[in-house]
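Our numbering puts the first residue of the sequence shown at 10, with every later residue one more than the last. By construction, the Cβ of each residue, glycine as well, lies at the ideal position given by its N, Cα and C atoms. Following: one structure in structure tokens, then a few remarks.
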Amino acid sequence: MSHRDDAVRPFWFIPTHGDGRWLGVGDGSRSTEFSYLTQVGQAADRLGFEGVLLPTGRTCEDSWVVASALVALTQRLKFLVAVRPGVTSPLFAARQAATLDRVSGGRLLINVVAGGSASELAADGVFVSHDDRYALTDEFLQVWRRLMAGEKVDFTGAHLKTEGAELLFPTVQPGGPPLYLGGSSDPALQVTADHIDHYLTWGEPPPQVAEKIDQVRRLADAAGRKVRFGARFHVIVRDTDAEAWAEADRLISRLDDDVVAKAQAGQAAQDSVGQARMRALHGGRRDKLEIYPNVWAGVGLVRGGAGTALVGSAESVAERIAEYRALGVETFVLSGYPHLEEAYRTAELLFPRLNIATNEDAPSRVRVEAGRAGEAGAYFAQGGHVAAGPS
Numbered sequence: 010m011s012h013r014d015d016a017v018r019p020f021w022f023i024p025t026h027g028d029g030r031w032l033g034v035g036d037g038s039r040s041t042e043f044s045y046l047t048q049v050g051q052a053a054d055r056l057g058f059e060g061v062l063l064p065t066g067r068t069c070e071d072s073w074v075v076a077s078a079l080v081a082l083t084q085r086l087k088f089l090v091a092v093r094p095g096v097t098s099p100l101f102a103a104r105q106a107a108t109l110d111r112v113s114g115g116r117l118l119i120n121v122v123a124g125g126s127a128s129e130l131a132a133d134g135v136f137v138s139h140d141d142r143y144a145l146t147d148e149f150l151q152v153w154r155r156l157m158a159g160e161k162v163d164f165t166g167a168h169l170k171t172e173g174a175e176l177l178f179p180t181v182q183p184g185g186p187p188l189y190l191g192g193s194s195d196p197a198l199q200v201t202a203d204h205i206d207h208y209l210t211w212g213e214p215p216p217q218v219a220e221k222i223d224q225v226r227r228l229a230d231a232a233g234r235k236v237r238f239g240a241r242f243h244v245i246v247r248d249t250d251a252e253a254w255a256e257a258d259r260l261i262s263r264l265d266d267d268v269v270a271k272a273q274a275g276q277a278a279q280d281s282v283g284q285a286r287m288r289a290l291h292g293g294r295r296d297k298l299e300i301y302p303n304v305w306a307g308v309g310l311v312r313g314g315a316g317t318a319l320v321g322s323a324e325s326v327a328e329r330i331a332e333y334r335a336l337g338v339e340t341f342v343l344s345g346y347p348h349l350e351e352a353y354r355t356a357e358l359l360f361p362r363l364n365i366a367t368n369e370d371a372p373s374r375v376r377v378e379a380g381r382a383g384e385a386g387a388y389f390a391q392g393g394h395v396a397a398g399p400s
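Right, dumping it as structure tokens:
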């Protein structure tokens, strides 16, 4: 563990949408049984990953419920859980976050997800254009920040309105859990600069990542803020480069062209700028998948969202991570198929070659303060108006 400038923060992934040994086929697939998700989470905790990302969307088990269950079965692991402005209200989401932060002893991180799929949002009852989703997110985060600061909030915006919103139970982490956001559009980068603590990019080649980091830094400087950076990659690490590339080929060896074409059509129908950038890396073609040394776009042939992997020997992957780290990328949210075995392989082969950052927020150092509400709380004793109490 270290504080050096080249230190990295490795995260892993909880596969709440399924797992398997091959992409795009049912052979060797694993269902999202909680016992299996527990194995993955406890492995990440034991192996020294700082945290885990829980995905969100209609194909995934609910990230809040899964994180709440895994918190009690892990010791140090942090949980990066999605809040979706428009799908939920700022105060409702803040209450969830405050409770999970308290229950976990300060191990909650918030992934702000503005959208990605208009059809999925429509199914959730959200009918807002791409740019307006980020305008809504901006309003949501204005309210969120004030709630986390302990204010009683009256707010009227173009998309949101709240009266007398107040968070009665303080979070363990001062100012609330850190906020993460991934997005490549101009509105996403502006929201990041104005509100977000950690900007996450999908795994594009270093020159493209550098452009986005520079843009966020310029916008954040103009807003008088600082933003930290992370990247989302799959990873295939083996003892040798040849073994790793053979595994990459094996992972997509059962994909047929029809499956790829359908997946690409589905991705093209989204209004996500980040998804369009992922698709542009490979163009749906199998013959141009190494888009940069040790960066492979094969996952994106069929998987939406993060579609690139770091592929190579432990030495090669560590070198590529060092290149991204030099750009300012600190957090690396990694995953691999299947997630249980690859968590062990990644930690055992790759971690000895990385300078892993110290986790300054160990649970033993946190204290959970009492809330103001409830029969035993000061808010109740002083005549606070709690309209709906326990039943």
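Would L63 pass as a contact of V80 if the rule is Cβ separation under 8 Å?
Cβ atoms of L63 and V80: not closer than 8 Å.
Does G191 come out as helix, strand or coil in the three-state DSSP assignment?
Residue state, collapsed to three classes: strand.
Between L336 and A52, how many whole angstroms is the CB-CB distance? I'm expecting something under 8 Å.
No, L336 and A52 are not in contact; Cβ-Cβ is about 29 Å, not under 8 Å.
At least three beta-carbon pairs within less than 8 Å, the stretch 161-172 to the stretch 192-202
At 8 Å Cβ cutoff, the stretches do not touch.
Member of A257, F242, A289 whose CA lies at the smallest distance from the CA of T249:
With distances taken between Cα atoms, T249 lies closest to A257.
Give me whichever residues DSSP pairs with H207 in a beta bridge.
The partner list for H207 (beta bridge, DSSP) reads Y189, R237.
Can you tell me the Cα-Cα spacing of A197 and L145, whole angstroms?
Taking C-alpha positions only, A197 is separated from L145 by approximately 11 Å.
Does DSSP put V121 in a helix, a strand or coil?
Here DSSP, grouped into helix, strand and coil, assigns V121 to strand.
Helix, strand or coil for H243, going by three-state DSSP, please let me know.
Assignment of H243 by DSSP, reduced to helix, strand and coil, places it in the strand class.
Could you check what DSSP says for M287 in three-state terms: helix, strand or coil?
The answer is helix: DSSP assigns M287 an H, G or I state.
Would you tell me roughly how many angstroms separate the C-alpha atoms of N303 and S325, rounded to the nearest one?
When rounded, the distance between both Cα atoms is 7 Å.
Assuming F20 is part of the beta strand (DSSP E), what are its boundary residues?
Bounds of the beta strand (DSSP E) holding F20 are 18-22.
Nearest-angstrom Cα separation, counted from L343 out to V61:
For V61 and L343, the distance between alpha carbons rounds to 9 Å.
Answer yes or no: do F58 and L86 have a C-beta to C-beta separation smaller than 8 Å?
Contact annotation: F58 and L86 have beta-carbon atoms nearer than 8 Å.
When you measure from the CB of V34 to every non-hydrogen atom of the ligand GTP, does any distance come out below 7 Å?
The model depicted lacks the ligand GTP and carries no ligand whatsoever.
Considering Cα atoms alone, identify which of R295, G321, Y301 is closest to L310.
Closest option to L310, Cα to Cα, is R295.
In the stretch 119-156, which residue ranges form an unbroken alpha helix (DSSP H) of at least 4 residues, counting only runs that do not cross its ends?
For the stretch 119-156, whole alpha helix (DSSP H) runs of length 4 or above, ordered along the chain, are 127-132.
Would you call the stretch 230-242 and the stretch 200-216 in contact, with 3 or more CB pairs under 8 Å?
Three or more Cβ pairs closer than 8 Å define a contact, and the stretch 230-242 meets that threshold against the stretch 200-216.
Taking T165 as part of the beta strand (DSSP E), name the residues at either end of that continuous run.
Where T165 is concerned, the enclosing beta strand (DSSP E) stretches over 162-165.
What does a CB cutoff of less than 8 Å around D6 pick up in its chain, not counting 5 residues either side in sequence?
An answer regarding residue 6 cannot be provided, because it is not within the stretch 10 to 400 covered by the chain.
Would you call the stretch 22-42 and the stretch 358-368 touching, i.e. three or more CB-CB distances under 8 Å?
Too few Cβ pairs lie closer than 8 Å, so no.
On the DSSP bridge assignment, give the partners of I365 in chain order.
DSSP output for I365 lists V17 as bridge partner(s).
Can you tell me the Cβ-Cβ gap for L156 and Y353, rounded? I've got them flagged as a contact below 8 Å.
L156 to Y353, Cβ: 40 Å. No contact.
Would you decide whether G134 is buried or exposed? Buried here means 16 or more other CB atoms lie within 10 Å of its CB.
By the neighbour-count rule (16 or more Cβ atoms within 10 Å), G134 is not buried but exposed.
Looking only at C-alpha atoms, which of G345, L363, V320, T47 sits nearest to Q84?
Here the closest residue by C-alpha is T47.
Helix, strand or coil: how does DSSP classify G27 here?
Here DSSP, grouped into helix, strand and coil, assigns G27 to coil.
State buried or exposed for V74, treating a residue as buried only when at least 16 other CB atoms are found within 10 Å of its CB.
Exposed, since its Cβ has fewer than 16 Cβ neighbours within 10 Å.
One or two residues paired with R39 in a DSSP bridge
Per DSSP, D28.
Distance CB(R362)-CB(A327) smaller than 8 Å
Going by C-beta atoms, R362 is nearer than 8 Å to A327.
Can you check DSSP and say which residues form a bridge with F58?
Note: F58 sits in no beta bridge, so no partner.
Tell me the rounded alpha-carbon separation between F164 and G345.
Cα to Cα, F164 sits roughly 43 Å from G345.
Look up I261 in the DSSP assignment and say whether it is helix, strand or coil.
Judged by DSSP in its simplified three-state form, I261 adopts coil rather than helix or strand.
Return yes when the Cβ of D54 is within less than 8 Å of the Cβ of R39, no when it is not.
Judged by beta-carbon spacing, D54 lies beyond the 8 Å limit of R39, meaning their Cβ atoms are not closer than that value.
Taking its Cβ as the centre, do 16 or more other Cβ atoms sit within 10 Å of V378, making it buried, or is it exposed?
With the sequence shown as reference, residue 378 is identified as Glu, and Val is not the correct amino acid for it. Exposed is the call here.
Residue range of the alpha helix (DSSP H) that V112 falls in?
Boundaries of the alpha helix (DSSP H) around V112: 99-113.
Look at the Cβ atom of H204, then the Cβ atom of L188, and state whether they are nearer than 8 Å.
With contacts defined by Cβ atoms closer than 8 Å, H204 and L188 form a contacting pair.
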